[in-house]
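Engineer:
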Amino acid sequence: MMKNSILFVYAHPDDETFTAGITISKYAQETDAAIHVVSATRGQAGKPGNPPLCTVEELPQVRERELREACAILGVTTVELWDYEDKKLDQVPVSELAAHVHAAIARLRPQAVVTFAPHGISGHPDHKAISAAVTQAIQTLPEGSPVRKLYYATRASDRTFGAIQPVFGDPYDAITTIIQAPAYTRQVGMALRAHRTQHLSVERVFPGVPAGDYSNVPDQNHFILAWNNIPGYTISGKEHDVFAGIE
37 MMKNSILFVY
47 AHPDDETFTA
57 GITISKYAQE
67 TDAAIHVVSA
77 TRGQAGKPGN
87 PPLCTVEELP
97 QVRERELREA
107 CAILGVTTVE
117 LWDYEDKKLD
127 QVPVSELAAH
137 VHAAIARLRP
147 QAVVTFAPHG
157 ISGHPDHKAI
167 SAAVTQAIQT
177 LPEGSPVRKL
187 YYATRASDRT
197 FGAIQPVFGD
207 PYDAITTIIQ
217 APAYTRQVGM
227 ALRAHRTQHL
237 SVERVFPGVP
247 AGDYSNVPDQ
257 NHFILAWNNI
267 PGYTISGKEH
277 DVFAGIE
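If you want it as structure tokens, here you go:
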């Protein structure tokens, strides 16, 4: 029987922990599923911290190390980075990005794929671009693909995300899937803290985390099941397992 796996495809280092840290930790610790994370950029347009923790030129390499450290804390099986420029992902043809997604799926054989909701939560053009690319890739999967579900990472628009109200979200009724695991808030906090150069963003969203206080780390992640090819599969209420319905 094929081992279950989940592929998370995002735009920048730290997207994985901000939007799906609880989910990654839960499945890494409580199941034998393989967890794969792809970042399309190395986050080179981000800030190097205040005071700076590295030079601007060093930032891509530093953020790659931070991503790998955070993913190790969360329990990720494999980490892959592409060589696209941060803040320029929306200038790349969607078909080109989708081809990379197809290649990753062919290598990693995931049953579930996760990316940003089309609005990107923050509205960042890179977030929206990677969402569009993953969506196109799923809509054009070759015959025999193992993928059974596509999930959009989002937040309920009437609830806070850490200490902030996200720029974009979706009505709670539209949230199909909630993965809740309070036992892993500390682990997620440690992974957020591993993104040291991004401490200003981490502090803004999750106050206290850079100093080791994880009390503001949410204990759940919100998703929308955007696509599935499981015959007869429907959700009654809220779904609590991304592998539900997958044999």
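The numbering used here puts the sequence shown at residues 37 to 283.
Where a beta carbon is used, it is the ideal one built from N, C-alpha and C, also for glycine.
Please read all numbers here as calculations on a predicted model, not as lab measurements.
Should Thr-221 be counted as a contact of the ligand FAD given a C-beta to heavy atom distance under 7 Å?
Structural biologist: Absence of the ligand FAD from the depicted structure is noted, as is the absence of any ligand whatsoever, leaving it without description.
Engineer: Pick helix, strand or coil for Met-37, following the three-state DSSP scheme.
Structural biologist: Note that Met-37 scores a pLDDT of 41, beneath 50, so its modelled location is shaky; the value from the coordinates is reported in the next line. Looking at Met-37 - three-state DSSP - the assignment turns out to be coil, as it is neither helix nor strand.
Engineer: With DSSP as the reference, label Ser-272 as helix, strand or coil.
Structural biologist: The answer is coil: DSSP assigns Ser-272 none of H, G, I, E or B.
Engineer: Looking only at its own chain, which residues have a Cβ that is under 6 Å from the Cβ of Ala-173, when we skip the five neighbours before and after it?
Structural biologist: Closer than 6 Å at Cβ, skipping near neighbours: Ala-134, Val-137, His-138.
Engineer: Would you grab the beta carbon distance between Phe-264 and Arg-191 for me? Rounded to a whole angstrom, and I think it's under 8 Å.
Structural biologist: What sits at residue 264 in the sequence shown is Asn, not Phe. Contact flag wrong, Cβ pair sits at about 21 Å.
Engineer: Assuming Ile-71 and Leu-125 are in contact, meaning their beta carbons sit under 8 Å apart, how far apart are those beta carbons, in whole angstroms?
Structural biologist: With 8 Å as the limit, Ile-71 and Leu-125 do not qualify as a contact, their Cβ atoms being about 23 Å apart.
Engineer: Going by the beta-carbon positions, is the gap between Thr-53 and Ala-227 smaller than 8 Å?
Structural biologist: Yes; because the gap between Cβ atoms is below 8 Å, this pair is in contact.
Engineer: Give the single residue among Arg-232, His-163, Ser-251, Gln-234 whose Cα lies nearest to the Cα of Tyr-220.
Structural biologist: Of the listed residues, the one whose Cα sits closest to Tyr-220 is Ser-251.
Engineer: Three-state secondary structure (DSSP) at Asp-50?
Structural biologist: Of the three classes helix, strand and coil, the one that applies to Asp-50 here is coil, per DSSP.
Engineer: Scan the region 216-273 and note each continuous alpha helix (DSSP H) run of 4 residues or more that stays entirely inside, going in chain order.
Structural biologist: Counting whole runs of 4 or more residues, the region 216-273 contains the alpha helix (DSSP H) stretches 221-230, 235-241.
Engineer: Quick one: what's Leu-177 bridged to in DSSP?
Structural biologist: DSSP, once it has assigned bridges, lists no residue as partnering Leu-177.
Engineer: Considering just the uninterrupted stretch of the alpha helix (DSSP H) at Glu-116, what are its terminal residues?
Structural biologist: Not the alpha helix (DSSP H): Glu-116 falls in the beta strand (DSSP E), residues 114-120.
Engineer: Quick one: what's Ala-189 bridged to in DSSP?
Structural biologist: In DSSP, Ala-189 forms a bridge with Phe-152, Phe-259.
Engineer: Taking the C-alpha atoms as reference points, what is the distance between Ala-247 and Ser-158?
Structural biologist: Between Ala-247 and Ser-158, the C-alpha separation is close to 24 Å.
Engineer: For Arg-356 versus Pro-182, is the C-beta spacing smaller than 8 Å?
Structural biologist: The question about residue 356 has no answer here: the residues shown for the chain are numbered 37 through 283.
Engineer: Between Ala-230 and Ser-61, which are expected to be in contact by the criterion C-beta below 8 Å, what is the C-beta distance as a whole number of angstroms?
Structural biologist: Contact doesn't hold; Cβ gap of about 13 Å is too wide.
Engineer: Helix, strand or coil for Leu-43, going by three-state DSSP, please let me know.
Structural biologist: Three-state DSSP puts Leu-43 in a strand.
Engineer: To the nearest angstrom, how far is the alpha carbon of Gly-281 from that of Glu-94?
Structural biologist: Cα-Cα distance, rounded: 45 Å.
Engineer: First and last residue of the alpha helix (DSSP H) that includes Ala-139?
Structural biologist: Here the alpha helix (DSSP H) through Ala-139 covers 130-144.
Engineer: If I'm right that Ala-69 touches Asn-257 with Cβ under 8 Å, what's the distance once you round it to whole angstroms?
Structural biologist: At roughly 15 Å, the Cβ-Cβ gap does not stay under 8 Å, so Ala-69 and Asn-257 are not in contact.
Engineer: Between the alpha carbons of Phe-44 and Val-150, how many angstroms are there, rounded?
Structural biologist: Straight-line Cα distance between these residues: approximately 5 Å.
Engineer: Measure the C-alpha to C-alpha separation of Val-128 and Asp-119 and round it to an integer number of angstroms.
Structural biologist: Between Val-128 and Asp-119, the C-alpha separation is close to 12 Å.
Engineer: Beta-carbon separation of Tyr-187 and Ala-148 under 8 Å?
Structural biologist: Yes, Cβ-Cβ distance for Tyr-187 and Ala-148 is below 8 Å.
Engineer: Taking buried to mean at least 16 other C-beta atoms within 10 Å of its own C-beta, is Ala-76 buried or exposed?
Structural biologist: Label assigned to Ala-76: buried.
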